[in-house]
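Engineer: These protein sequence lines are chains C and W, in that order.
Counting in our numbering, the final residue of the first sequence is number 100, and the numbers go up one at a time with none missing.
Counting in our numbering, the final residue of the second sequence is number 119, and the numbers go up one at a time with none missing.
Idealized CB from N, CA, C, for every residue including glycine.
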Amino acid sequence: QKEVEQNSGPLSVPEGAIASLNCTYSDRGSQSFFWYRQYSGKSPELIMFIYSNGDKEDGRFTAQLNKASQYVSLLIRDSQPSDSATYLCAVKSGGYQKVTFGIGTKLQVIP
Amino acid sequence: GAVVSQHPSWVICKSGTSVKIECRSLDFQATTMFWYRQFPKQSLMLMATSNEGSKATYEQGVEKDKFLINHASLTLSTLTVTSAHPEDSSFYICSARVKGANSDTQYFGPGTRLTVL
Chain C
-10 QKEVEQNSGP
0 LSVPEGAIAS
10 LNCTYSDRGS
20 QSFFWYRQYS
30 GKSPELIMFI
40 YSNGDKEDGR
50 FTAQLNKASQ
60 YVSLLIRDSQ
70 PSDSATYLCA
80 VKSGGYQKVT
90 FGIGTKLQVI
100 P
Chain W
3 GAVVSQHPSW
13 VICKSGTSVK
23 IECRSLDFQA
33 TTMFWYRQFP
43 KQSLMLMATS
53 NEGSKATYEQ
63 GVEKDKFLIN
73 HASLTLSTLT
83 VTSAHPEDSS
93 FYICSARVKG
103 ANSDTQYFGP
113 GTRLTVL
């Protein structure tokens, strides 16, 4: 079982819609969760991090964490074509320095 | 956010030569940096964790004698690919750990695309 699982996609949504990206993880001791955006040929860019159960909002982005279900998601409201990228979910277990990345979900926002 | 730079952004070299990639934290001190490799259409693969002033910790399957890592200062880590071969061609990305009062995150450099002929 992979430590961090994501559907590789592509996930296609029309412009203006809500894009929902999902991630599950296997280590119940995980404490920190991150979403990165990676454009083709570029390095990842941190979008959000979340540590506590519930929702965390930042502009058009909302991260949702459910530790009981070992599930973290990213919602993008009012999706724009510029949001088209691969979104990487990353998980860090307590006490460890390294972060485990999922394979990423490719999002395509159709104008 | 924290700024991490890498140099060079791309490099082409002949098989058998060595290539050094630099990773710098520009506006903060990074006691921990990470080196990743990413092949086309694949996820990031952690190669090693670099702690300032100590030996790097390599992930399983990564040859420490081939991928030399030096973290000599709080703002600079280097990765040297020794005796490079075509199969080493990849996108190499460093990241720096940033610990704040309420956060513990990684910020990535722009990456170095290595092509070995």
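Can you confirm whether C:VAL61, when its beta carbon is compared against all beta carbons of chain W, has any partner nearer than 8 angstroms?
Structural biologist: Judged by the 8 angstroms Cβ criterion, C:VAL61 is not in contact with chain W.
Engineer: So, with DSSP's three-state summary, where would you put C:GLU4?
Structural biologist: Three-state result, C:GLU4: coil.
Engineer: So for W:ASP67, helix, strand or coil by DSSP?
Structural biologist: Three-state result, W:ASP67: coil.
Engineer: As a quick exercise: from C:LYS31, C:PRO33 and C:LEU54, pick the residue whose alpha carbon is nearest that of C:TYR40.
Structural biologist: Among C:LYS31, C:PRO33 and C:LEU54, the Cα nearest to that of C:TYR40 is on C:LEU54.
Engineer: Within the 8 angstroms Cβ cut-off, does W:LEU28 reach chain C?
Structural biologist: Chain C contact via Cβ: absent.
Engineer: How big is the Cα-Cα spacing for W:SER11 and W:LYS57?
Structural biologist: One C-alpha to the other measures close to 25 angstroms.
Engineer: Determine which residues share a DSSP beta bridge with C:ILE92 and list them.
Structural biologist: DSSP, once it has assigned bridges, lists no residue as partnering C:ILE92.
Engineer: With H, G and I counted as helix, E and B as strand and the rest as coil, what does DSSP make of W:GLU89?
Structural biologist: Note: W:GLU89 maps to helix in three-state DSSP.
Engineer: In the structure shown, what three-state DSSP assignment does C:ASP47 receive?
Structural biologist: DSSP places C:ASP47 in strand when its eight states are reduced to three.
Engineer: The segment 92 to 118 of chain W: which residues have C-beta closer than 7 angstroms to a C-beta of chain C, in chain order?
Structural biologist: For the segment 92 to 118 of chain W, which is checked against every Cβ of chain C, the residues closer than 7 angstroms are ILE95, ARG99, SER105, ASP106, THR107, GLN108, TYR109, PHE110, GLY111, PRO112 and GLY113.
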